[in-house]
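Undergrad: Under this note's numbering, think of the first position of the sequence shown as 22, with each following residue one higher.
Just so it is clear, CB atoms sit at the ideal spot from N, CA and C, and this is done for glycine as well.
Please read these numbers as outputs of a predicted model, since none were measured by experiment.
First the structure, which I've put down as structure tokens, then a few questions once you've had a look.
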Amino acid sequence: MKYVVVSGGVISGIGKGVLASSTGMLLKTLGLKVTSIKIDPYMNIDAGTMSPLEHGECFVLNDGGETDLDLGNYERYLNTQLTRDHNITTGKIYSHVINRERKGDYLGKTVQVVPHLTNAIQEWIERVSCVPVDDDLKENESKPDVCIIELGGTVGDIESAPFIEALRQFQFRVGRDNFCLIHVSLVPVIHGEQKTKPTQAAIKDLRSLGLTPDMIACRCSEKLEQPSIDKIAMFCHVAPEQVINVYDVNSTYHVPILLKEQKLLQFLTCRLKLDQDIKIPIELIERGENLYNNWKKLTESIDESYIPVKIALVGKYTHLKDSYLSVIKALEHSAMKCKRKLEISWVESSDLEVSSSEEDKGKFHQAWNKVTSADGILVPGGFGIRGVEGMMAAAKWARENNVPYLGVCLGLQIATIEFVRDVLNISNATSCEFDESLDENDEKSVVIYMPEIDKEKLGGTMRLGLRPTHFVAEDEGNSNSCKIKKLYGNANVVHERHRHRYEINPRLIETLENHNFKFVGKDETGQRCEILELPDHPFYVATQYHPEYKSKVLDPSPPFLGLVAASAGILDQFLISSEYNNEGNGYSNGLKAEF
Numbered sequence: 022m023k024y025v026v027v028s029g030g031v032i033s034g035i036g037k038g039v040l041a042s043s044t045g046m047l048l049k050t051l052g053l054k055v056t057s058i059k060i061d062p063y064m065n066i067d068a069g070t071m072s073p074l075e076h077g078e079c080f081v082l083n084d085g086g087e088t089d090l091d092l093g094n095y096e097r098y099l100n101t102q103l104t105r106d107h108n109i110t111t112g113k114i115y116s117h118v119i120n121r122e123r124k125g126d127y128l129g130k131t132v133q134v135v136p137h138l139t140n141a142i143q144e145w146i147e148r149v150s151c152v153p154v155d156d157d158l159k160e161n162e163s164k165p166d167v168c169i170i171e172l173g174g175t176v177g178d179i180e181s182a183p184f185i186e187a188l189r190q191f192q193f194r195v196g197r198d199n200f201c202l203i204h205v206s207l208v209p210v211i212h213g214e215q216k217t218k219p220t221q222a223a224i225k226d227l228r229s230l231g232l233t234p235d236m237i238a239c240r241c242s243e244k245l246e247q248p249s250i251d252k253i254a255m256f257c258h259v260a261p262e263q264v265i266n267v268y269d270v271n272s273t274y275h276v277p278i279l280l281k282e283q284k285l286l287q288f289l290t291c292r293l294k295l296d297q298d299i300k301i302p303i304e305l306i307e308r309g310e311n312l313y314n315n316w317k318k319l320t321e322s323i324d325e326s327y328i329p330v331k332i333a334l335v336g337k338y339t340h341l342k343d344s345y346l347s348v349i350k351a352l353e354h355s356a357m358k359c360k361r362k363l364e365i366s367w368v369e370s371s372d373l374e375v376s377s378s379e380e381d382k383g384k385f386h387q388a389w390n391k392v393t394s395a396d397g398i399l400v401p402g403g404f405g406i407r408g409v410e411g412m413m414a415a416a417k418w419a420r421e422n423n424v425p426y427l428g429v430c431l432g433l434q435i436a437t438i439e440f441v442r443d444v445l446n447i448s449n450a451t452s453c454e455f456d457e458s459l460d461e462n463d464e465k466s467v468v469i470y471m472p473e474i475d476k477e478k479l480g481g482t483m484r485l486g487l488r489p490t491h492f493v494a495e496d497e498g499n500s501n502s503c504k505i506k507k508l509y510g511n512a513n514v515v516h517e518r519h520r521h522r523y524e525i526n527p528r529l530i531e532t533l534e535n536h537n538f539k540f541v542g543k544d545e546t547g548q549r550c551e552i553l554e555l556p557d558h559p560f561y562v563a564t565q566y567h568p569e570y571k572s573k574v575l576d577p578s579p580p581f582l583g584l585v586a587a588s589a590g591i592l593d594q595f596l597i598s599s600e601y602n603n604e605g606n607g608y609s610n611g612l613k614a615e616f
């Protein structure tokens with residue numbers, strides 16, 4: 022097993038995740054099998070109970086693991102299926118060690134950070150790095166060749182010290198030829214001058230902790246000048262060719278191309294002896310070549326996309342864009358497929374509410390201008406009552422004005438509540454999440470707490486992970502009219518990832534469907550609503566699951582593709598194309614359609 026560690030210095034949020042994902046993707050173009058591990062130094066067991074405004078979105082895996090958003094980057098770039106164990110946190114490691122101590126595994130020894138905690142970290146990395154993550158390969162052929170390890174946070178932070186010490190020991194445990202360190206640093210440009218001191222200081226801190234970088238990836242707003250590269254090389258004890266210039270490009274999808282042009286692959290191949298130690302089957306080499314060619318075509322299509330498509334994203338956490346990272350990426354993937362230039366109009370949902378017009382008329386009118394001028398409207402997931410009335414107003418606008426609409430999780434629930442209020446004339450209809458005094462038998466309880474969910478313990482107790490959705494048989498005379506089913510390649514069953522505590526009240530389903538509000542997808546019991554679609558609308562779809570978690574760069578999520586295509590006025594072309602009608606599965610990134 023070969024290990025490539027990516028660390029960061031100077032500031033957080035410097036782009037370690039994109040660089041780690043891009044490095045892994047490039048290694049896959051050689052035909053190698055690549056996996057990824059993210060180390061997060063926070064004390065939480067997982068990201069499930071953290072506010073999106075605190076740490077960005079919570080990314081959900083097939084096994085229900087609630088993890089850091091960087092695991093989403095890894096899956097999107099590498100087309101892999103990771104597990105909850107691929108995200109290591111301080112909370113997990115301490116809990117693991119304490120549980121072992123309570124069982125008596127340490128035989129009465131004094132349990133310490135070194136060696137017990139650091140050994141546990143190294144053992145965890147070795148165990149998880151061998152887990153197959155590539156669904157395209159047979160089980161006996163799918164053990165990874167290379168593991169990318171991203172160390173979260175910034176080198177020098179007190180909370181990351183045990184992990185840095187563990188990695189210092191790990192380089193000797195696995196041997197020099199199996200361990201490579203890439204350090205990501207910042208080169209700011211001040212008054213037109215590229216400043217290298219922050220990088221020099223960061224490398225000095227890193228080396229004082231026992232880790233010497235093999236490559237230094239310098240983030241900069243512009244191309245590094247050769248004197249800057251030479252200066253960094255001289256003062257950081259590396260050769261100039263070991264300094265990578267990661268400057269700002271048109272999109273993050275250009276980063277792998279940028280790294281390849283700077284001969285990252287040649288360096289890693291030589292440094293880790295990839296060509297000597299790993300025998301790559303010819304079919305995987307061909308697969309890697311196809312991956313790179315397709316990726317390059319993708320970046321070229323981004324550069325050549327000029328026709329705009331404007332999507333209004335109406336959410337509760339728009340002040341931190343990373344709160345909706347997977348949603349943004351799913352929109353980008355779909356826009357690239359449609360050869361359109363994506364424009365996202367960020368709308369804070371509370372600004373659409375009537376109360377906002379009284380408190381801040383400027384924000385109110387600006388928010389509504391964004392909604393009414395958009396080609397399509399997206400309402401993503403969220404928790405709590407804040408801003409939901411604004412979301413309902415946006416859903417109503419889309420429904421009444423034939424504007425393409427996609428609701429995700431909460432977006433499905435608020436679309437249903439709005440319909441019940443406006444069409445069924447239950448003006449006080451709401452969710453048990455917003456009014457805890459209600460029960461499922463109350464007339465206004467449109468959305469209820471799922472009976473199997475723990476109401477006391479919040480961490481890891483939602484309906485999580487990959488679950489099946491069965492498309493409902495269509496009425497005679499109305500066959501083959503379901504747009505979302507066509508986008509899924511006319512599959513009868515699809516598997517998508519979930520993260521929710523509430524569901525549509527089963528008591529209301531028959532009444533809603535009698536008013537042409539169709540739930541076209543349900544769970545395996547046939548009772549829980551998973552997908553809704555308005556048949557007489559250009560595109561009005563909502564899902565209880567989160568389709569953004571399964572979207573890949575070269576394989577967009579069908580619901581998001583439908584929204585963008587409908588917003589661009591080209592949905593019919595996708596629905597009648599052979600790609601989605603004849604292949605049987607329009608979602609080739611491992612969605613596991615069944616017929």
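With DSSP as the reference, label C257 as helix, strand or coil.
TA: By 1-based counting over the sequence shown, the position of residue 257 is 236. Looking at C257 - three-state DSSP - the assignment turns out to be helix.
Undergrad: Which first and last residues belong to the beta strand (DSSP E) in which N108 is found?
TA: Stepping through the sequence shown from its first residue, residue 108 is reached at position 87. Segment N108 to T110, the beta strand (DSSP E) holding N108.
Undergrad: Just to confirm my understanding: we take E497, look at its own chain, exclude 5 residues before and 5 after, and list those with CB closer than 7 Å. What are they?
TA: Within the sequence shown, numbered from 1, the residue matching residue 497 stands at position 476. Annotation note: pLDDT 39 at E497 (below 50); position unreliable, no value reported.
Undergrad: Taking 8 Å as the cut-off, decide whether the C-beta atoms of D396 and V330 are in contact.
TA: Taking the first residue of the sequence shown as position 1, residue 396 is located at position 375. Taking the first residue of the sequence shown as position 1, residue 330 is located at position 309. Closer than 8 Å, so yes.
Undergrad: Tell me whether T564 sits in a helix, a strand or coil according to DSSP, three-state version.
TA: For the purposes of this step, residue 564 is taken as residue 543 along the sequence shown, with counting starting at 1. In the structure shown, T564 sits in a strand (DSSP, three-state: E or B).
Undergrad: Report the residue from Q133, T437, Q221 and H558 whose alpha carbon sits nearest the alpha carbon of K252.
TA: By 1-based counting over the sequence shown, the position of residue 252 is 231. Minimum Cα distance to K252 is reached at Q221.
Undergrad: Look at the alpha carbon of S458 and the alpha carbon of V375, and state the distance between them as a whole number of angstroms.
TA: Mapped onto the sequence shown, residue 458 falls at position 437. Mapped onto the sequence shown, residue 375 falls at position 354. Cα to Cα, S458 sits roughly 25 Å from V375.
Undergrad: Between which two residues does the beta strand (DSSP E) harbouring F540 extend?
TA: Within the sequence shown, numbered from 1, the residue matching residue 540 stands at position 519. Its beta strand (DSSP E) spans residues K539 to K543.
Undergrad: Taking 8 Å as the threshold, find out whether the region 307-325 comes into contact with the region 210-224 through three or more Cβ pairs.
TA: no
Undergrad: Along the chain, where does the beta strand (DSSP E) that runs through T131 open and close?
TA: By one-based count along the sequence shown, residue 131 stands at place 110. It is not in any beta strand (DSSP E) - T131 carries neither H nor E in the DSSP assignment.
Undergrad: Look at A415 and V444 and say whether their C-beta atoms are less than 8 Å apart.
TA: Counting from one through the sequence shown, the residue named residue 415 turns up at place 394. Counting from one through the sequence shown, the residue named residue 444 turns up at place 423. Taking 8 Å as the Cβ cut-off, A415 and V444 do not qualify as a contacting pair.
Undergrad: Per DSSP, which residues does I203 bridge with? Please list them.
TA: Position 182 of the sequence shown, counted from the first residue, corresponds to residue 203. I203 is bridged to V27 and M236.
Undergrad: For N423, count the other beta carbons within 10 Å of its own beta carbon; 16 or more makes it buried, fewer makes it exposed. Which is it?
TA: Taking the sequence shown and counting its residues from 1, the one referred to as residue 423 is at position 402. So N423 counts as exposed.
Undergrad: Alpha carbons only, please: which of H521, R522, H558 and G38 is nearest the one belonging to K539?
TA: As a position in the sequence shown, residue 539 is number 518, starting the count at 1. Of the listed residues, the one whose Cα sits closest to K539 is H558.
Undergrad: Assign M64 to one of two classes, buried (16 or more other C-beta atoms within 10 Å of its C-beta) or exposed (fewer than that).
TA: Residue numbering aside, residue 64 sits at position 43 when the sequence shown is read from its first letter. The residue in question, M64, is exposed, as its Cβ has fewer than 16 Cβ neighbours within 10 Å.
Undergrad: Let me check understanding here. Comparing Cα to Cα, which of P489, D89 and K294 lies closest to G174?
TA: The residue given as residue 174 occupies position 153 in the sequence shown. Residue D89 is the option with its Cα nearest to G174.
Undergrad: For Q548, verify whether its CB is less than 7 Å away from any heavy atom of the ligand NAD.
TA: Of ligands this structure carries none, so the ligand NAD is not represented either.
Undergrad: Between the region 77-92 and the region 55-62, do three or more beta carbon pairs fall short of 8 Å?
TA: yes
Undergrad: I need the DSSP call for T217, collapsed to helix, strand or coil.
TA: As a working mapping, residue 217 is identified with position 196 in the sequence shown. DSSP places T217 in coil when its eight states are reduced to three.
Undergrad: Compare the C-alpha of Q5 against each of E410, V81 and L293 and name the closest.
TA: The requested residue 5 does not occur in the structure, where the chain is confined to residues 22 to 616.
Undergrad: Per DSSP, what are the beta-bridge partners of W367 in this structure?
TA: As a first step, residue 367 is located in the sequence shown; it is residue number 346 there, counting from the start. DSSP, once it has assigned bridges, lists L334 as partnering W367.
Undergrad: Rounded to a whole number of angstroms, what is the C-alpha to C-alpha distance between L293 and L363?
TA: Here residue 293 refers to the residue found at position 272 when the sequence shown is read from its first residue. Here residue 363 refers to the residue found at position 342 when the sequence shown is read from its first residue. Distance between the alpha carbons of L293 and L363 is about 39 Å.
Undergrad: Measure the beta-carbon distance from R240 to I35 and round it to whole angstroms, keeping in mind my assumption that it falls under 8 Å.
TA: In the sequence shown, residue 240 corresponds to position 219, counting from 1. In the sequence shown, residue 35 corresponds to position 14, counting from 1. Right, their Cβ atoms sit about 5 Å apart.
Undergrad: With distances taken Cα to Cα, identify the nearest neighbour of T290 among K23, N315, K225 and F595.
TA: Along the sequence shown, one-based indexing puts residue 290 at 269. The shortest Cα separation from T290 among K23, N315, K225 and F595 belongs to K23.
Undergrad: Under the DSSP definition of a beta bridge, which residues are partnered with V267?
TA: As a first step, residue 267 must be located in the sequence shown, where it is residue number 246. Its beta-bridge partners are R240.
Undergrad: Would you mind reading off the limits of the alpha helix (DSSP H) that contains E321?
TA: On the sequence shown, residue 321 is found 300 positions in, with the first residue counted as 1. Where E321 is concerned, the enclosing alpha helix (DSSP H) stretches over I303 to D324.
Undergrad: Kindly list the residues whose CB is nearer than 6 Å to the CB of F191, restricted to its own chain and excluding five residues on each side of it in sequence; keep chain order.
TA: What you label residue 191 is simply residue 170 of the sequence shown in a count that begins at 1. Excluding residues within five positions, the ones whose Cβ falls inside 6 Å are Q143.
Undergrad: Does the beta-carbon of I32 have 16 or more other beta-carbons within 10 angstroms, so that it is buried, or is it exposed?
TA: In the sequence shown, residue 32 corresponds to position 11, counting from 1. Exposed, because fewer than 16 other Cβ atoms sit within 10 Å of the Cβ of I32.
Undergrad: With DSSP as the reference, please indicate the residues paired to E477 in a beta bridge.
TA: In the sequence shown, counting from the first residue as 1, residue 477 sits at position 456. According to DSSP, E477 bridges with nothing at all.
Undergrad: In three-state DSSP terms, what is T50?
TA: Position 29 of the sequence shown, counted from the first residue, corresponds to residue 50. In the structure shown, T50 sits in a helix (DSSP, three-state: H, G or I).
Undergrad: Just to confirm the assignment: which complete beta strand (DSSP E) runs, minimum length 3, are found wholly within the region 56-90?
TA: Those beta strand (DSSP E) runs which fall completely within the region 56-90 and span 3+ residues do not exist here.
Undergrad: Report the three-state DSSP secondary structure of C291 (helix, strand or coil).
TA: Here the question's residue 291 lines up with position 270 in the sequence shown. Helix.
Undergrad: CB E454 to CB V468, shorter than 8 Å?
TA: Within the sequence shown, the letter at position 433 stands for residue 454. Within the sequence shown, the letter at position 447 stands for residue 468. Yes, they are a contact pair.
Undergrad: According to DSSP, is D198 helix, strand or coil?
TA: Residue numbering aside, residue 198 sits at position 177 when the sequence shown is read from its first letter. DSSP, reduced to helix, strand and coil, places D198 within a helical segment of the structure shown.
Undergrad: Tell me where the alpha helix (DSSP H) around G403 begins and ends.
TA: As a first step, residue 403 is located in the sequence shown; it is residue number 382 there, counting from the start. From DSSP, G403 is part of no alpha helix (DSSP H); its letter is neither H nor E.
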